[in-house]
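Residue numbers (full-length UniProt numbering): 1 to 153. The beta-carbon is built from N, C-alpha and C at its ideal position, and this holds for glycine as well.
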């Protein structure tokens, strides 16, 4: 491999890693902005999604379950310290530290809010020139309860 070929390979890898970081940033933003169709579109159609041991049938089922569970409740999701490795020209894997905060309007039978901490382990695939999440497994290491809030207060 010539020096120029090696520089091109390294540049392609850096561009791919940056695109994957932006993909994951959109993931967190779409969850918090309640953009569930856009969230589902960040995955390959046959992506494997597992959260805290729950296996979802499809990215759309995962996104719509989030929609149905959280409704208009405010949430904050952060991903930190990405470790992304190129596994091929159109494939990669990554590990992200995560934190999420979710609270619900107070009321009878309101679910309990939480501040969660954990890790995403993911794979990515480039499809038609666009990086997508091909598999995602979220494991929470800790969940601290949060009080719900009174929207009228």
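Query: Of the listed residues 128, 31, 118, 134, nearest to residue 143 (C-alpha basis); Result: 118
Query: Under 7 Å between C-beta atoms of residue 104 and residue 113; Result: yes
Query: CA-to-CA distance, residue 85 to residue 72, given in whole angstroms; Result: 36 Å
Query: Segment limits, alpha helix (DSSP H) that includes residue 59; Result: 59 to 70
Query: Residue(s) in a DSSP beta bridge with residue 49; Result: 56, 136
Query: Three-pair Cβ contact test at 8 Å for the region 50 to 57 versus the region 77 to 84; Result: no
Query: For residue 106, three-class secondary structure by DSSP; Result: coil
Query: Segment limits, beta strand (DSSP E) that includes residue 115; Result: 113 to 127
Query: Residue(s) in a DSSP beta bridge with residue 143; Result: 116
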